[in-house]
Amino acid sequence: MPEQMITCSFCRKKVKVHDQYDMPIYDPNTGFAICKNCIKEIHHFVEEHEASEASAAHTGFATELNDILSKNKPHIIKAYLDEYIINQDRAKKILSVAVYNHYKRMKYDYQNEGDSEIEKSNVIMLGPSGCGKTALLSHLSKLLDIPFAVTDASSLTEAGFVGADVEVAVRNLYYAAEKNIEKAEHGIIYLDEFDKIARKSGANNSITADPGHEGVQQALLKMLEGSVVEFTARGQRKHPEAPTIKVDTKNVLFIVGGAFVGIEKIIAKRVQKADANIGFGATVQSKDDENARFDEFIHQVRPEDLMEYGIIPEIIGRLPVICTLETLDEDALLRILTEPKNAPVKQYAKLLAMDNVELDFREDALRAVAKKAIERKTGARSLKGIIEDVMLDVMFDIPRSDEPRKVIITEACINDNARPEIVPMEASDS
Ligand SMILES: Nc1ncnc2c1ncn2[C@@H]1O[C@H](COP(=O)(O)OP(=O)(O)O)[C@@H](O)[C@H]1O
Ligand SMILES: [Mg+2]
668 MPEQMITCSF CRKKVKVHDQ YDMPIYDPNT GFAICKNCIK EIHHFVEEHE ASEASAAHTG
728 FATELNDILS KNKPHIIKAY LDEYIINQDR AKKILSVAVY NHYKRMKYDY QNEGDSEIEK
788 SNVIMLGPSG CGKTALLSHL SKLLDIPFAV TDASSLTEAG FVGADVEVAV RNLYYAAEKN
848 IEKAEHGIIY LDEFDKIARK SGANNSITAD PGHEGVQQAL LKMLEGSVVE FTARGQRKHP
908 EAPTIKVDTK NVLFIVGGAF VGIEKIIAKR VQKADANIGF GATVQSKDDE NARFDEFIHQ
968 VRPEDLMEYG IIPEIIGRLP VICTLETLDE DALLRILTEP KNAPVKQYAK LLAMDNVELD
1028 FREDALRAVA KKAIERKTGA RSLKGIIEDV MLDVMFDIPR SDEPRKVIIT EACINDNARP
1088 EIVPMEASDS
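Structure below.
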């Protein structure tokens, strides 16, 4: 529209209008108009109203709890995780129990009017890259009847620094709870990549070395201890008049996880095995040695090792359950390719079946994929990429015809870039 002066029908202010953004609602016939400031005001009002309405509405959550408890017994949760995650039995058990106890604690609180006699058991998970930490928690989140939000701790910064404030973790939970504050206040927050906020310098270095991370930890500590966290709605900038939403984290269960690269050295030092035989660096011959050493020490981790790694003691004190995950070996990787409900090979088989094609991924080929993944040292993370490389041409060429066929993937396809064999169904039956 050409530049003109229009009077807002709400605030009666005259606004110089360049384009529709200045006056989002304007009817030239009647002259009815609403300026962008009024629209913002209305939006704020609605957000605020919705927030307070949600907090006022008691959802009958307490009455649902019995039902939730019977559906979420530890063995049921673990059985569900078993469908997707290979190995890591201990971690699955710990998480199943932690979640079940979280529900029980909630029930106890409701019955005893907020008397939190049963303490929260927040969990800290340690395990190498690609061993299934994030996958475990994301599957768990799909199963549960309470809001569950995953936030990447490495993206968090102390207030005033560029990046997201720690409140974001609670805000994510609030949205996972569909803006129901009561539900959010009983939810679970998973902080992924938690090791990234460790003081880089570790415990016994100068305190001035890493103020940013220390600040994030202090801010997180308040949340862990239980505090009322205040944040603005999504997409709204923080400014003094912005309506805020308040969520009390007193009953929120926290689970944090990270790779804690190098912590095995700290543990080894403590258990005094760092003698010449298994000394670091020169004597480590292969990745197998390295993995074995990681697994040997990681299970002995103690709070003081985490402190030495650069997590402040107050936070460690709030994470009483320590859960370690193991490095995945070749057999485990092989199973990950084929066994979970969403296993990569199963997914390709389903896709190909839609084109009347059967997938025959030979055992030696699977093993070759697992071996390659181990070389890349990123656990199960590189499996999909390796398979995708091989499958691309197949997926491209197969739909050229509608004939029923069979695709055979052999070890040579993985190791020597051999083209997968595609044979007619009849011939392959013999
Ligand atoms: N134990 C496991 N069982 C099944 N799949 C796994 C396992 N570990 C890792 N994966 C798969 O490997 C990929 C990377 O795992 P992820 O959970 O992100 O690792 P991290 O431990 O580094 O968080 C995911 O796609 C996940 O599905
Ligand atoms: Mg991860």
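Quick note on the numbering used here: the sequence shown kicks off at 668 and runs consecutively.
For each residue, glycine too, the CB sits at the ideal point set by N, CA and C.
Remember, predicted model here, so these are calculated numbers, not experimental data.
| Query | Result |
| --- | --- |
| Would you tell me roughly how many angstroms separate the C-alpha atoms of Ala1085 and Lys809, rounded to the nearest one? | 39 Å |
| Can you list the residues near ligand 2, meaning Cβ strictly closer than 6 Å to any non-hydrogen atom, in the order they appear in the chain? | Lys800, Thr801 and Asp859 |
| As a quick exercise: from Ile709, Gln687, Ile701 and Tyr693, pick the residue whose alpha carbon is nearest that of Ala909. | Ile709 |
| Applying the criterion that 16 or more other CB atoms from any shown protein chain within 10 Å of the CB defines a buried residue, is Ser1068 buried or exposed? | exposed |
| Report, in whole angstroms, the separation of the C-beta atoms of Phe815 and Ile855, which I expect to be a contact under 8 Å. | 5 Å |
| Taking buried to mean at least 16 other C-beta atoms within 10 Å of its own C-beta, is Lys680 buried or exposed? | exposed |
| Could you tell me the alpha carbon to alpha carbon distance between Lys707 and Ala851, rounded to whole angstroms? | 26 Å |
| For Pro1121, verify whether its CB is less than 7 Å away from any heavy atom of ligand 1. | Residue 1121 lies beyond the residue range present for the chain, which begins at 668 and ends at 1097; the question has no answer from this structure. |
| Where Tyr857 and Tyr688 are concerned, what is the direct C-alpha to C-alpha distance, given to the nearest angstrom? | 39 Å |
| Can you check whether the CB of Asn739 is closer than 8 Å to the CB of Glu777? | Sequence check: residue 777 is Tyr here, not Glu. No. |
| Is Glu845 buried or exposed, if buried means 16 or more other CB atoms sit within 10 Å of its CB? | exposed |
| Is the beta carbon of Arg1048 within less than 7 Å of some heavy atom of ligand 1? | yes |
| Rounded to the nearest angstrom, how far is the Cβ of Thr1005 from that of Pro795, given a contact under 8 Å? | Wrong, their Cβ atoms sit about 22 Å apart, outside the cutoff. |
| Sorry if obvious, but does the Cβ on Ala746 come closer than 7 Å to a heavy atom of ligand 1? | no |
| Quick check: the Cα distance between Ala843 and Asn918, rounded to an integer number of angstroms? | 16 Å |
| Might you give, ordered along the chain, the residues of its own chain that have their beta carbon closer than 6 Å to the beta carbon of Ile874, omitting 5 neighbours on each side? | Reliability fails at Ile874, whose pLDDT of 47 lies under 50, so the model's placement of it is uncertain and the value that follows must be treated cautiously. Once the five neighbours on either side are set aside, Ile874 has no close Cβ partner at all. |
| Between Met690, Ala1020 and Thr911, which lies nearest to Glu717 when the distance is taken from Cα to Cα? | Thr911 |
| Please tell me whether Val1012 and Val1074 are closer than 8 Å, where the distance is taken between their beta carbons. | no |
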